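As given, the protein sequences belong to chains A and B, one line each in that order.
Mind the numbering: the first sequence is residues 1 to 301 in the working numbering, read in order.
Mind the numbering: the second sequence is residues 302 to 477 in the working numbering, read in order.
Glycine included, C-beta positions come from ideal geometry on N, C-alpha and C.
Computed from a prediction, not measured in an experiment: that's the story for all the values here.
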Amino acid sequence: MAQNTTRYEDYVTPIRRLLVWLVFLFLIAIFFVWRIDNPRVERFRAMIIDAIVPNMNWAIAPVTTAINLVRDFRSYTEIIEQNQELRLELQRMKSWKEAAIQLEQENARLLELNNLKLNPKFTFVSGIVIADSGSPFSQSVLLNVGEKDGIKDGWPAMDGLGLVGRIAGIGSSSSRVMLLTDASSRVPVIVQPSGQNALVSGDNTLNPSVEFLKDPSLVRPGDRVVTSGRGGTLPPDLLIGQLVLDPNKRLRVKLAADYERLKFVRVLRDQRGEIIDGAGALLLPEQTNPTASETTMPVVD
Amino acid sequence: MGLKSLTYPILFILIIFLLMFIKILPLDTIPKEWIGPDVLFCVILTWCLRRPLSAPIVLIGLLFLLQDILFQRPPGLYAACATLVCEWCKRQVLRAEDFPFVAEWLTASIAIVAVFVLSQGIASLSLIATPPTVMFVKELMPTILAYPVVVVLLRYGFGLRTQQMSGFDASLGQEH
Numbered sequence: 001m002a003q004n005t006t007r008y009e010d011y012v013t014p015i016r017r018l019l020v021w022l023v024f025l026f027l028i029a030i031f032f033v034w035r036i037d038n039p040r041v042e043r044f045r046a047m048i049i050d051a052i053v054p055n056m057n058w059a060i061a062p063v064t065t066a067i068n069l070v071r072d073f074r075s076y077t078e079i080i081e082q083n084q085e086l087r088l089e090l091q092r093m094k095s096w097k098e099a100a101i102q103l104e105q106e107n108a109r110l111l112e113l114n115n116l117k118l119n120p121k122f123t124f125v126s127g128i129v130i131a132d133s134g135s136p137f138s139q140s141v142l143l144n145v146g147e148k149d150g151i152k153d154g155w156p157a158m159d160g161l162g163l164v165g166r167i168a169g170i171g172s173s174s175s176r177v178m179l180l181t182d183a184s185s186r187v188p189v190i191v192q193p194s195g196q197n198a199l200v201s202g203d204n205t206l207n208p209s210v211e212f213l214k215d216p217s218l219v220r221p222g223d224r225v226v227t228s229g230r231g232g233t234l235p236p237d238l239l240i241g242q243l244v245l246d247p248n249k250r251l252r253v254k255l256a257a258d259y260e261r262l263k264f265v266r267v268l269r270d271q272r273g274e275i276i277d278g279a280g281a282l283l284l285p286e287q288t289n290p291t292a293s294e295t296t297m298p299v300v301d
Numbered sequence: 302m303g304l305k306s307l308t309y310p311i312l313f314i315l316i317i318f319l320l321m322f323i324k325i326l327p328l329d330t331i332p333k334e335w336i337g338p339d340v341l342f343c344v345i346l347t348w349c350l351r352r353p354l355s356a357p358i359v360l361i362g363l364l365f366l367l368q369d370i371l372f373q374r375p376p377g378l379y380a381a382c383a384t385l386v387c388e389w390c391k392r393q394v395l396r397a398e399d400f401p402f403v404a405e406w407l408t409a410s411i412a413i414v415a416v417f418v419l420s421q422g423i424a425s426l427s428l429i430a431t432p433p434t435v436m437f438v439k440e441l442m443p444t445i446l447a448y449p450v451v452v453v454l455l456r457y458g459f460g461l462r463t464q465q466m467s468g469f470d471a472s473l474g475q476e477h
């Protein structure tokens, strides 16, 4: 047996070792190409995923549905209790609905009086979540709509209520949505009603943190957080969620979108109107004004 | 190369594809508080440590690369480190006269930690934003603990035994 082992060491090991280093260098080379030319390799990645995952949907969809059915079945025991609660809530909602309709009518009348036009209505493409990222370190989902359906990189994705994330990577029939919870997600926002600008940055937790808030004393937990549209990455006024304080007294966002049950996602067609990014040809007051005010100061005194 | 020598590679590839399939199921889209063990890596380690001769390096490299691409990791980085470490594991087994389970588990644990240290090291050298180390520790510990469970499951589920050293010469003649 010892003889055989030496034979193995003598003949097989050098070739093996060469092979090991070849494989290692090949893989590391891919990594460095990715590091140098990231967009191209990411497009290649999207292409490979596009070739594999949508074709697996015949298996993914029934298995997911089955597992979710079993999960739901567990909650059937609480269904009567839940029914009662929902009835009560519905009753309360009815009064709110009445108030909302009245306000909407009033709002429409006032807008009519001012002859005012708000943002053009968004149109959207709905997609179904077919896969998630598969890794605990990145938060993203794969949708079954892609380039063929006119999806473009950077478009916002919402569930019925709030922002979910934005498109990052598209294949011909699939696209990846980077969720707001992903560690590399940053969204410029406005906190209403104080109107302060901030940045919602994901950190792999369910509630992304709010950063770069100018004056934290002006905001309170429960304030609405909406996109500000700054930087031109996302359209303004998309609902993100509500402010909350975590145990370490840091401000975070409780997301309005239901991340637990992410199944249908709307991708908004981001058709920008005119973006006004400078004074342009607008008439401005004369530049001499500041000096004029300085000269008037002593007179006032 | 008979059909028999292909049984284990095919079995392992099937198991690995099944696990990858389970991992991309969109069941939990919320970030997890507790990161479970990396069962895929455990299975590949078991394959390398228990059937070193039916675990060709090119195949293992390609499987890791596919994982990198599917799971949104930097492509090639984790694959390169993991392949190198798996090869080291195979060499440990082939050189040892006697390889008790404790030694096997220890080798697996070193391998799991080594892949983390190598890939994190290269990632931070090439200035990539990496997740905090705390998150990795949350994954490493369960992975080390899960290794014996995976071994037992493969042993009783698929009848996978350690490659006997006496049978080792015969299979050597077949494969090389």
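If you draw a straight line from the alpha carbon of A:Arg269 to that of A:Pro235, how long is it in whole angstroms? For the purposes of this step, residue 269 of chain A is taken as the residue at position 269 of the first sequence. For the purposes of this step, residue 235 of chain A is taken as the residue at position 235 of the first sequence. Going from the Cα of A:Arg269 to the Cα of A:Pro235 covers about 10 Å.
What residues from chain B crowd round A:Gln91, counting only those whose CB sits closer than 9 Å? Working through the first sequence from its first residue, we reach residue 91 of chain A at position 91. In chain order: nothing, as chain B lies at least about 31 Å away.
Measuring straight from C-alpha to C-alpha, what distance separates A:Leu161 and A:Ser184? Your numbering for residue 161 of chain A matches position 161 in the first sequence. Your numbering for residue 184 of chain A matches position 184 in the first sequence. Their backbone Cα atoms lie some 23 Å apart in a straight line.
Assigned exposure category for B:Phe365 - 16 Cβ within 10 Å defines buried: Taking the first residue of the second sequence as 1, we reach residue 365 of chain B at position 64. Looking at its Cβ environment, which holds 16 or more other Cβ atoms inside 10 Å, B:Phe365 is buried.
Whose CA, out of A:Ala59, A:Leu25, A:Thr65, A:Met47, lies closest to the CA of B:Leu319? Here residue 319 of chain B refers to the residue found at position 18 when the second sequence is read from its first residue. Ranking A:Ala59, A:Leu25, A:Thr65, A:Met47 by Cα distance to B:Leu319 puts A:Ala59 first.
Chain-ordered residues of the region 43–77 of chain A with a beta carbon less than 9 Å from chain B: Phe44, Arg45, Ile48, Ile49, Ile52, Val53, Met56, Ala59, Ile60, Val63, Thr64, Ile67, Asn68, Arg71: these are the residues of the region 43–77 of chain A whose beta carbon lies less than 9 Å from some beta carbon of chain B, given in chain order.
In this structure, does DSSP put A:Ser172 in helix, strand or coil? What you label residue 172 of chain A is simply residue 172 of the first sequence in a count that begins at 1. Here A:Ser172 sits in coil by DSSP.
A:Arg40, DSSP secondary structure in three states: Locating residue 40 of chain A in the first sequence gives position 40, where the first residue counts as 1. When DSSP states are grouped into helix, strand and coil, A:Arg40 belongs to the helix group.
Contacts that A:Phe24 makes with chain B (C-beta to C-beta distance below 7 Å): By one-based count along the first sequence, residue 24 of chain A stands at place 24. Contacts between A:Phe24 and chain B, judged by CB atoms closer than 7 Å, involve Ala381, Thr384, Leu385 in chain order.
If we ignore side chains and look at the alpha-carbon of each, how far apart do B:Ile314 and A:Phe26 end up? Residue numbering aside, residue 314 of chain B sits at position 13 when the second sequence is read from its first letter. Residue numbering aside, residue 26 of chain A sits at position 26 when the first sequence is read from its first letter. If I take the Cα positions, the gap works out to 21 Å.
Smallest Cα separation from A:Leu243: which of A:Val225, A:Gly232, A:Tyr259? Along the first sequence, read from residue 1 onward, the residue named residue 243 of chain A stands at position 243. For A:Leu243, the closest alpha carbon among the candidates A:Val225, A:Gly232, A:Tyr259 is that of A:Val225.
A:Leu206 vs A:Arg176 beta-carbon contact at 9 Å: By one-based count along the first sequence, residue 206 of chain A stands at place 206. By one-based count along the first sequence, residue 176 of chain A stands at place 176. Going by C-beta atoms, A:Leu206 is not nearer than 9 Å to A:Arg176.
According to the Cβ coordinates, are A:Gly150 and A:Val125 closer than 9 Å? Position 150 of the first sequence holds residue 150 of chain A. Position 125 of the first sequence holds residue 125 of chain A. A distance below 9 Å separates the beta carbons of A:Gly150 and A:Val125.
Under DSSP, the alpha helix (DSSP H) around B:Pro443 begins and ends at which residues? One-based indexing of the second sequence puts residue 443 of chain B at position 142. Counting along the chain, the alpha helix (DSSP H) containing B:Pro443 begins and ends at 434–459.
Give me the Cα-Cα distance between B:Glu476 and B:Leu354, rounded to the nearest whole angstrom. Position 175 of the second sequence, counted from the first residue, corresponds to residue 476 of chain B. Position 53 of the second sequence, counted from the first residue, corresponds to residue 354 of chain B. Only weak support exists for where B:Glu476 lies, its pLDDT of 41 falling under 50; the value from the coordinates is given anyway. Here the alpha carbon of B:Glu476 sits roughly 8 Å from the alpha carbon of B:Leu354.
Mind listing, in chain order, the continuous alpha helix (DSSP H) runs of no fewer than 4 residues lying wholly within the region 359–407 of chain B? For the region 359–407 of chain B, whole alpha helix (DSSP H) runs of length 4 or above, ordered along the chain, are 378–396.
By the three-class DSSP mapping on this structure, what secondary structure does B:Pro332 have? For the purposes of this step, residue 332 of chain B is identified with residue 31 of the second sequence, where counting begins at 1. DSSP, read as helix, strand or coil, puts B:Pro332 in coil.
B:Arg351 CB to nearest chain A CB: under 9 Å? Here residue 351 of chain B is taken as the residue at index 50 of the second sequence, counted from 1. Any Cβ of chain A closer than 9 Å to the Cβ of B:Arg351 would place that residue at the interface, and such an atom is absent.
Beta-carbon gap between A:Ser228 and A:Pro188 smaller than 9 Å: As a position in the first sequence, residue 228 of chain A is number 228, starting the count at 1. As a position in the first sequence, residue 188 of chain A is number 188, starting the count at 1. Yes, the pair counts as a contact, with Cβ atoms nearer than the cut-off.
7 Å Cβ shell around A:Gly127 - same chain, five flanking residues per side excluded: The residue labelled residue 127 of chain A in the question sits at position 127 within the first sequence. Counting only Cβ-Cβ distances below 7 Å, and skipping sequence neighbours, we find Leu143, Asn144, Val145, Val265, Val267.
Figure out for me which residue from B:Thr384, B:Ser425, B:Met436, B:Leu395 has the closest Cα to the Cα of B:Val416. Within the second sequence, residue 416 of chain B is the residue found at index 115, counting from 1. The residue with the shortest Cα to Cα distance from B:Val416 is B:Thr384.
Among the candidates B:Ala381, B:Pro332, B:Arg374, B:Ile370, whose CA atom is the shortest distance from the CA of B:Gly362? Here residue 362 of chain B refers to the residue found at position 61 when the second sequence is read from its first residue. It is B:Ala381 whose Cα lies nearest to the Cα of B:Gly362.
Within-9 Å CB hit, B:Ile345 to chain A: Residue mapping note: residue 345 of chain B aligns to position 44 of the second sequence, counting from 1. Answer no: the Cβ-Cβ gap between B:Ile345 and chain A never drops below 9 Å.
Which residues, in order along the region 309–327 of chain B, keep a beta-carbon less than 8 Å from a beta-carbon of chain A? Taking 8 Å as the Cβ-Cβ cut-off against chain A, the residues of the region 309–327 of chain B that qualify are Met321, Phe322, Lys324, Ile325, Leu326, Pro327.
With 16 other Cβ atoms within 10 Å as the buried cut-off, status of A:Trp96: Your numbering for residue 96 of chain A matches position 96 in the first sequence. Around the beta carbon of A:Trp96, fewer than 16 other beta carbons lie within 10 angstroms, which makes this residue exposed.
Would you say B:Phe342 reaches chain A, if we count a Cβ-Cβ gap shorter than 9 Å as a contact? As a position in the second sequence, residue 342 of chain B is number 41, starting the count at 1. Not closer than 9 Å to any Cβ of chain A, the Cβ of B:Phe342 fails to qualify, so no.
Secondary structure, beta strand (DSSP E): runs of 3+ residues fully inside the region 85–142 of chain A: Counting only runs of 3 or more residues that sit fully inside the region 85–142 of chain A, the beta strand (DSSP E) segments are 124–132, in chain order.
Quick one: Cα of A:Gly165 to Cα of A:Val41, how far? Within the first sequence, the letter at position 165 stands for residue 165 of chain A. Within the first sequence, the letter at position 41 stands for residue 41 of chain A. The straight-line gap from Cα to Cα measures roughly 22 Å.
Within chain A, partners of B:Val450 - CB distance below 7 Å: As a working mapping, residue 450 of chain B is identified with position 149 in the second sequence. Chain A residues near B:Val450: none, gap ~19 Å exceeds 7 Å.
May I ask you to list, following chain order, the residues of the region 414–447 of chain B that have a beta carbon less than 8 Å from some beta carbon of chain A? Answer in chain order: Ile423, Ser427, Ile429, Ala430, Pro432, Met436, Glu440.
What does B:Val499 pair with, by DSSP beta-bridge criteria? No information on residue 499 of chain B is available, as it lies outside the stretch 302 to 477 that chain B covers here.
Leaving out five residues before and five after B:Cys349 in sequence, what residues of the same chain have Cβ atoms less than 6 Å from its Cβ? Along the second sequence, read from residue 1 onward, the residue named residue 349 of chain B stands at position 48. Excluding residues within five positions, the ones whose Cβ falls inside 6 Å are Ala356, Cys387, Cys390, Lys391.
So with CB distances below 7 Å, who are the chain A contacts of B:Glu388? What you label residue 388 of chain B is simply residue 87 of the second sequence in a count that begins at 1. Within chain A, the residues near B:Glu388 are Val20.
Could you tell me which residues DSSP pairs with A:Gly202 in its beta bridges? By 1-based counting over the first sequence, the position of residue 202 of chain A is 202. In the DSSP assignment, A:Gly202 forms no beta bridge with any residue.
Below 6 Å CB to CB, which residues in the same chain sit around A:Thr13 once its five sequence neighbours on both sides are set aside? Within the first sequence, residue 13 of chain A is the residue found at index 13, counting from 1. Cβ neighbours of A:Thr13 beyond the five flanking positions: none.
Measuring only between beta-carbons, confirm whether A:Ala29 sits less than 9 Å from chain B. Residue mapping note: residue 29 of chain A aligns to position 29 of the first sequence, counting from 1. Chain B contact via Cβ: present.
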